[in-house]
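Some notes on the structure that comes next.
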Ligand SMILES: [Zn+2]
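Numbering (our numbering), first residue to last: 97 to 522.
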């Protein structure tokens with residue numbers, strides 16, 4: 097086994113032991129567990145000669161000097177966890193970067209440019225409810241209002257006060273201070289366990305991620321008909337909100353079928369389907385139904401088509417069933433495509449190594465989205481994992497970690513990985 101792989105095994109165990117909080121592990125962002133993880137990883141990297149750099153927000157870069165010191169490849173993820181999380185979410189990305197460096201160092205080889213293991217803060221962020229604090233601060237993009245406005249969930253301390261207390265530099269964060277300029281970053285590569293069973297189902301160890309899905313969401317769809325006697329009311333006189341809602345669900349799933357048949361990426365989920373317990377009854381036609389709808393896709397035009405269909409379905413069903421359908425407030429996020437060039441480079445590396453891959457979008461959000469949106473060429477490698485994530489039962493086999501690492505190692509030797517490329521993001 098290579099020294100890097102042995103080191104990763106040792107650190108997976110050490111992190112699980114040092115941050116144990118049964119069941120599972122807890123590494124609260126900007127709390128003790130996250131700091132323990134940062135320190136353990138830094139100590140291991142410094143042992144083979146990597147330099148430790150900390151930015152204004154406490155993100156950590158462990159830098160192995162490369163031939164070209166004016167550019168850097170970042171490999172990493174976050175080291176915080178949810179409460180009682182598993183051993184691999186976030187950690188796998190950081191330890192893969194570390195294993196890559198350790199093997200290069202053991203072989204006495206220099207990477208083509210600086211290679212920095214990137215330990216981002218606060219991705220799960222259970223104390224401070226805001227998205228991607230670590231990657232936004234790393235790029236100098238955190239909205240200053242978040243520093244003072246987002247307060248620690250248990251004691252009300254602001255993020256700025258809390259950072260200050262830990263010895264970081266919230267004023268620097270406010271000014272958008274950053275350790276690397278986006279133009280210096282050749283690639284941000286985030287290896288991560290898959291959080292769904294697609295790779296397990298496909299029998300593939302590694303996923304090549306096309307992009308991070310965007311969403312269109314309606315959390316308060318109100319279907320309003322009329323309550324009526326179930327035995328006495330003739331069919332033609334009913335305004336059945338339950339029937340209307342069921343049709344909407346069925347028609348949106350039929351759309352999903354149709355778009356999937358075209359090779360489109362989409363998920364359609366009605367997560368809440370509820371009649372009103374205060375008014376509904378066994379012998380009543382339902383007069384009201386609450387629904388919420390979460391549609392996600394890696395493709396902006398697919399989301400647009402799904403939304404048009406939603407509106408036309410709702411109008412048609414309302415007409416046919418004599419109800420009103422109010423879709424209510426809408427929120428959305430745009431899909432974030434990742435670098436096709438980096439993905440092609442990883443695909444070629446996997447093929448050369450005989451490693452099976454699945455090309456797939458990420459349904460969940462990741463720090464990679466922040467880097468991609470900032471114009472940094474960005475890639476994600478998914479590692480097969482059983483039992484989902486954000487729970488103590490995350491299960492990644494070492495062999496699958498090794499397979500993803502082999503892809504990364506082979507890709508690093510490919511000159512196209514470090515070829516200077518322009519900003520690629522949306
Ligand atoms: Zn994660």
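Don't be surprised by glycine CBs; every beta carbon is placed ideally from N, CA and C.
- For residue 291, there is no enclosing beta strand (DSSP E), as DSSP gives it neither H nor E.
- Nearest C-alpha to residue 383 among 353, 303, 220 and 340: 340.
- Shown in chain order are the residues whose CB sits closer than 5 Å to a heavy atom of ligand 1: 185 and 186.
- By the C-beta criterion, the stretch 342-356 is judged not to be in contact with the stretch 451-458, since fewer than 3 inter-stretch pairs fall below 8 Å.
- Comparing alpha carbon positions, the residue from 396, 181, 147 and 217 closest to residue 491 is 181.
- Between residue 399 and residue 393, the C-beta spacing is below 7 Å.
- Excluding sequence positions up to five before and after residue 266, its CB lies within less than 7 Å of the CB of 243, 256, 259 and 260, all in the same chain and listed in chain order.
- If you draw a straight line from the Cα of residue 136 to the Cα of residue 219, it is about 19 Å long.
- With respect to the C-alpha of residue 287, the residue from 342, 208, 207 and 187 having the closest C-alpha is 187.
- A contact is defined here as three or more CB-CB pairs under 8 Å, and the stretch 147-157 meets this definition with respect to the stretch 225-240.
- Listed as beta-bridge partners of residue 147 by DSSP are 159.
- Relative to residue 370, the option among 389, 352 and 362 whose CA is nearest is 389.
- Taking all protein chains shown into account, residue 416 has fewer than 16 neighbouring C-beta atoms within 10 Å of its C-beta and is therefore exposed.
- The three-state reading of DSSP puts residue 305 in strand, counting E and B together.
- In this structure, the beta-carbon distance from residue 162 to residue 211 falls below 7 Å.
- Collapsing the DSSP output to three states places residue 222 in coil.
- Residue 126 and residue 227 have their C-alpha atoms some 14 Å from each other.
- The alpha-carbon of residue 183 is positioned some 27 Å away from that of residue 449.
- Here the stretch 417-428 makes no contact with the stretch 457-475; the two share fewer than three CB pairs at distances below 8 Å.
- When the beta-carbon positions are compared, residue 304 and residue 443 come within less than 7 Å of each other.
- As the crow flies, the alpha-carbon of residue 437 is around 21 Å from that of residue 290.
- Within 10 angstroms of the beta-carbon of residue 385 lie 16 or more other beta-carbons, which makes it buried.
- If you look at residue 408, you'll find it in the alpha helix (DSSP H) that goes 396-417.
- Boundaries of the beta strand (DSSP E) harbouring residue 422: 420-422, taken from the DSSP string.
- Contact annotation: residue 275 and residue 149 have beta-carbon atoms nearer than 7 Å.
- Put simply, the backbone Cα of residue 500 is about 21 Å away from that of residue 209.
- Contact check for residue 427 against residue 468 fails: the beta carbons are separated by 7 Å or more.
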